[in-house]
Amino acid sequence: MSLKLHEASVTLQGAPLLRDVSFEVQSGKLVGLLGPNGAGKTTAVRALLGLQPLNAGQAYLDAQPAHSLSAKQRALIVSYLPQARKLAWPISVREAVALGRFAYGGPMGRLGPADAAAVEDALSRCSLKGFEDRAVTSLSGGELARVHLARALAAQAPALIADEPTAALDPGHSYDVLAALQAQARAGQAVLVVLHDLALAARFCDEIVLLNQGQRVIQAPPQEALTPPILAEVYGVNGSWHRDQLILSGRI
Amino acid sequence: MKVQNHTPTLILTLVVLSVLALAASCLMGVTPLPLNRLLAAFVGAGDAQAELIVWEIRLPRALAAFVVGMALAGSGAALQGLLRNPLAEPGVLGVSAMSSLFAVITIYWGFVQVSPWVLPLAAIAGALLATGLLALVAPRVQSVVTLVLVGVGISSLAGAFMSLLLNLAPNPFTLSDMMNWMMGSVANRSLEDLLLAAPFLVAGAIAIGLAAPGLRALTLGEEAASAIGLDVGRSRIWVVLGTGLLTGAAVSVAGAVGFVGIIAPHLVRPLVGHDPARTLLPAALLGGLVLVVADLIARLVPTGQELKLGVVAALIGAPIFIWIAVRRRTLESDQ
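Note that the protein sequences, when read in sequence, are chains A and B. To get my numbering, take the position in the first sequence, counting from 1, and add 65. To get my numbering, take the position in the second sequence, counting from 1, and add 33.
Here is the structure:
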């Protein structure tokens, strides 16, 4: 089982967003997708999922061409958390998490006992017990992030992609989210996570895919990917490793 | 904040209240008839005059109000789910106006004489044109405010064309016929009128029913709804088709009746846990109930000329619309 983007190029209105980008996410690995603002991270994720048409190259989800999959087939392979967090209606936490099982629902959206069990499991793994009947609009940012994570876990798909799940979260909640994603990878899921926080990525990810200006710079374990010269070139910041910790020390 | 869900109780209550309101509509009216004659007529054992009044005048009219209310409120609830905006409604978005414009055009040029199907079909075509246009625009505009403004634009455009037709109306009969459709009324409707609209109402209800689970998924926004396995494009088509059919059929029966599509879903939502799929049926029932009561008011208020249903509905609904809009402070920062 793997997610694979192969020599993918995306051009939108004459502007190249991705050029010849290849990377792979395998089962059991937590892969961080990193890059400065506008590097093409979200475009790469959407291209991988088949949501963004490619001008060249291929995207494979579990060896199947991504664009050939229906939304439902795709959801059964990979559970995807886009950046948008806002829910339109104040539905309950339980129902929001249950939406993660949408692809398993019958024609009228009915869910069975297996779905209910998956929802309960996800609720408890994201420490949402006791929150089940709360309205999602009444939650704090950290609680809402846990609801979305629980929704993704409830899907129990073989792969998981999260686009900036730690955006607007404090360090404690960011650690919780990454720890949960790491646990998913350890349990055999293929996990791709878009991150901005380099230290967080260095601490939790098994591999880093670094993008810059629409091109892949490197795919490697954190210590090899986020070297001081690469950090200087891509981000324009000073960084150094102290044992297994990445420390950033200001702009160059 | 705890989320409440009382859907079954709510549906049951609304069904009971609707039946009571329909019965009241048959028993009350401008022609004073003693209760025993009416009840006899009701069960088919009364005199000819009482039977005529109950079966040919009051019941069809009350049923028309109920069906129109159901169709408009159901459409409102579905559009709100699709567009993730509690202010979406066939009236506000110009769907009813476009539909009545098309209906009025068939009256103006006398197409209605060709076949009884012409008017309902034209009304549905007008409604589908407006819903289709909105569905095309919706993904392109980021803000719901813009979308509502587009609807207001469609509504004004249809209104302007309607005024033009009124302006040029060849004779007073055409004029009064056209006014009926613009103001919205269920006076003098027969069961035949309802039967003509019935197939479209049923088809529209089925289309909305098919879209229901998708509306629930769309709570997350379009990208995330697609991520959990929803074919967003297909959902959009079902809702556009369903609301087009329902609104068009409702307009073909009663003309443009506004705001019921906003009030009913808004009142129902807190009682069904704000789930857009569970909102549909109770909202439709409440919409039917509201219009039956509004029509009863229109009939019983002692004015020289009988009030039009659309006028009563707007007098009740427009202030509530403003109230909802003001309370929704986050409107601007939506999505």
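Note that beta-carbon positions come from the ideal geometry of N, C-alpha and C, so glycine has one too.
S87 (chain A) is not a Cβ neighbour of S67 (chain A), given a cutoff of 8 Å. At a cut-off of 8 Å between beta carbons, T42 (chain B) makes no contact with chain A. Minimum Cα-Cα distance from T312 (chain B) among the listed residues B:L198, B:R117, B:V325 corresponds to B:R117. Using a Cβ-Cβ cut-off of 9 Å, L164 (chain A) is close to R249, A250, T252, L253, A257, A258, I261 of chain B, given in chain order. The contact set of G306 (chain B) on chain A, defined by CB atoms closer than 8 Å, consists of I156, S157, E160 in chain order. Residue environment analysis places V359 (chain B) among the exposed positions, since fewer than 16 neighbouring C-beta atoms fall within 10 angstroms of its C-beta.
Taken through DSSP and simplified to helix, strand or coil, H261 (chain A) comes out as coil. Neighbourhood of G170 (chain A) in chain B, by CB distance below 8 Å: P246, in chain order. A Cβ-Cβ separation of about 5 Å places V36 (chain B) in contact with A200 (chain A) under the 8 Å criterion. According to DSSP, Y125 (chain A) shares a beta bridge with A:K69, A:P130. Between L214 (chain A) and A182 (chain A), the CB-CB gap reaches or exceeds 8 Å. R281 (chain A) has its alpha-carbon roughly 34 Å from the corresponding atom of A250 (chain B). Segment contact: the stretch 104-123 of chain A against the stretch 217-236 of chain B, fewer than three CB-CB distances shorter than 8 Å; contact not assigned.
The secondary-structure analysis by DSSP pairs V274 (chain A) across a beta bridge with A:L98, A:Q284. With a cut-off of 8 Å on Cβ pairs, the stretch 184-199 of chain A is not in contact with the stretch 345-353 of chain B, counting fewer than three such pairs. Following the DSSP letters along the chain, one finds Q221 (chain A) in no alpha helix (DSSP H), marked with neither H nor E. Bounds of the beta strand (DSSP E) holding W306 (chain A) are 302-307.
For R360 (chain B), not one C-beta of chain A is nearer than 8 Å to its own C-beta. In this structure, R332 (chain B) places its C-beta atom within 8 Å of the C-beta atom of G62 (chain B). Following the DSSP letters along the chain, one finds Y169 (chain A) in no beta strand (DSSP E), marked with neither H nor E. Between L276 (chain A) and the set A:L99, A:V75, A:L77, the nearest pair of CA atoms involves A:L99. Closest in C-alpha terms to I317 (chain A), from the list A:G301, A:V90, A:I295, comes A:G301. Linking T107 (chain A) to D264 (chain B) through their CA atoms gives a straight-line distance of about 21 Å. Short of 7 Å from the beta carbon of W306 (chain A), and not among the five residues preceding or following it, lie these beta carbons of its own chain, in chain order: Q288. Exposed is the label assigned to F206 (chain B), since fewer than 16 other Cβ atoms lie within 10 Å of its Cβ. In the three-state DSSP reduction, N38 (chain B) falls in the strand class (E or B). DSSP places T336 (chain B) in the coil class of the three-state scheme, outside both helix and strand. Approximately 22 Å separates the beta-carbon atoms of L70 (chain A) and A149 (chain A); this is outside 8 Å, ruling out the contact. Along the stretch 87-120 of chain B, the positions whose C-beta sits under 7 Å from a C-beta of chain A are R117, read in chain order. Of the residues B:I241, B:H307, B:E256, the one whose Cα lies closest to the Cα of P172 (chain B) is B:E256. Under a criterion of Cβ atoms nearer than 9 Å, the residues of chain B adjacent to G174 (chain A) are, in order, A245, P246, G247, R249, A250, A310. Counted as a single uninterrupted DSSP element, the stretch harbouring A252 (chain A) is not any beta strand (DSSP E), since DSSP gives it neither H nor E. The beta carbon of R199 (chain A) sits closer than 8 Å to some beta carbon of chain B. Here the C-alpha atom of G192 (chain B) lies approximately 51 Å from the C-alpha atom of L126 (chain A). Between V284 (chain B) and A136 (chain B), the CB-CB gap stays under 8 Å. When the Cα atoms are used, G165 (chain A) and L169 (chain B) turn out to be separated by approximately 28 Å.
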